[in-house]
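Each residue of the sequence shown is one higher than the one before, starting from 1005 at the first, in the working numbering. For glycine and all other residues, C-beta sits at the position ideal for the given N, C-alpha and C. Just so we're clear, the structure is a prediction, and the values are computed from it rather than from any experiment.
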Amino acid sequence: TQLLTPELLQTLGLEHGFDTVGDADEAKAFVEARLAEGADYLKIGVDDGSVSGMDLPALSPELAAVLVEAAHAAGLKVIAHTVTAREALIALDAGADGLAHLYSDAGEEQAEEVAARIAAYDAFVISTITFIEVVTGDPGPTELLRDPRMAARMSERSKATFGREPTDIPMHSQGVTNASQAAVALLRAGVPLLAGTDSTSFGPVHGAGFHHELLMLTEAGLTPEQALTAATSLTARHFDLGDRGRIAPGLRADLLLVDGDPTTDITATRAIADVWRGGVRQVS
């Protein structure tokens, strides 16, 4: 598969399962095994499935702390999969460096309170609002099909994912609204907010879905510049990728040339004129 993109970081494989850890000794051995495989980061799951009607093997707060401590001792950053405000705080209490997913169970007032608590930690949060749209059946992402700049670049297989029933998970009916409010609350509290999609085989669509995520961030209340920063330099900084994410002498030339000004209209990122990856011009 050829991906027309400056660079893409992802886990290996289309779908992947996850290991479980039962005690402190297993936790340390688990981290050592990930290091032996060449892992760049460690992702842990603090999600018992209760919000989505499932029974998942979630880490206890104590075991999460042991995993984080072992990972940090090995020089690995830890990103925690969480979906609720309570789980987010458990992961951060354990020492996680970042959270994958905005909490989508808290209303506006609680979102502000949780954001203030998260701000006390030196941690970041990855947005993934568009994933919440997908699993709640929100039609928002279908706007990509109506945008000729995106529709022309998507394969028929990608287009077929729109409207597909991905799951019968009963997610919070106000999930998208709550997550959007959480994004703004975190930004106001000074928490670094990174752009991400959590793209899967059923959606959001790889590539195009990221452009929709940027739109969702601006509709939530971020400025176009803040959304662009969340997608570029801020992400590079918090994943310790100091050689990219900005346009400056000596850095990787991962560049997207667009027809328009995305600092005033975030959808201008869709008017792709050219792409460079590591200084090499890609076939557009």
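Run through DSSP, which three-state label would residue i get?
i       : result
Asp1278 : strand
Leu1261 : strand
Val1284 : strand
Val1188 : helix
Val1138 : helix
Ile1251 : coil
His1216 : helix
Thr1271 : helix
Leu1198 : strand
His1085 : strand
Leu1238 : helix
Phe1128 : strand
Leu1046 : strand
Gly1102 : strand
Arg1121 : helix
Thr1024 : coil
Residue i: which of the options sits nearest, CA to CA?
i       : options                               : result
Leu1198 : Thr1204, Gly1207 and Glu1217          : Glu1217
His1210 : Gln1286, Ser1159, Gly1144 and Pro1152 : Ser1159
Glu1117 : Glu1137, Gly1141 and Ala1092          : Ala1092
Arg1153 : Thr1271, Gly1283, Gln1286 and Gly1254 : Thr1271
Asp1097 : Gln1114, Asn1182, Glu1147 and Ala1123 : Ala1123
Val1139 : Gly1207, His1085, Glu1147 and Asp1126 : Gly1207
Val1050 : Gln1185, Ala1077 and Arg1090          : Arg1090
Ala1040 : Glu1066, Val1262, Ala1078 and Leu1255 : Ala1078
Ser1162 : Asn1182, Ile1136, Ser1203 and Val1262 : Ser1203
Asp1027 : Ser1056, Asp1044, Pro1065 and Gly1042 : Pro1065
Mind reading off the beta-carbon distance from residue i to residue j? Whole number of angstroms is fine, and I expect it under 8 Å.
i       : j       : result
Gly1102 : Val1129 : 7 Å
Ala1187 : Leu1221 : 6 Å
Thr1267 : Glu1229 : 5 Å
Ala1189 : Ala1115 : 4 Å
Val1180 : Asp1142 : 5 Å
Tyr1045 : Ile1083 : 6 Å
Within 10 Å of its beta-carbon, does residue i have 16 or more other beta-carbons around it, so buried, or fewer, so exposed?
i       : result
Thr1146 : exposed
Ala1240 : buried
Glu1113 : exposed
Indicate, with yes or no, if the ligand SAH has a heavy atom lying under 7 Å from the CB of residue i.
i       : result
Thr1273 : For the structure depicted, the ligand SAH is absent and the ligand set is empty, with no information on it obtainable.
Across the stretch 1067-1077 and the stretch 1032-1046, are there enough close Cβ pairs to call them in contact, namely three or more that are closer than 8 Å?
yes
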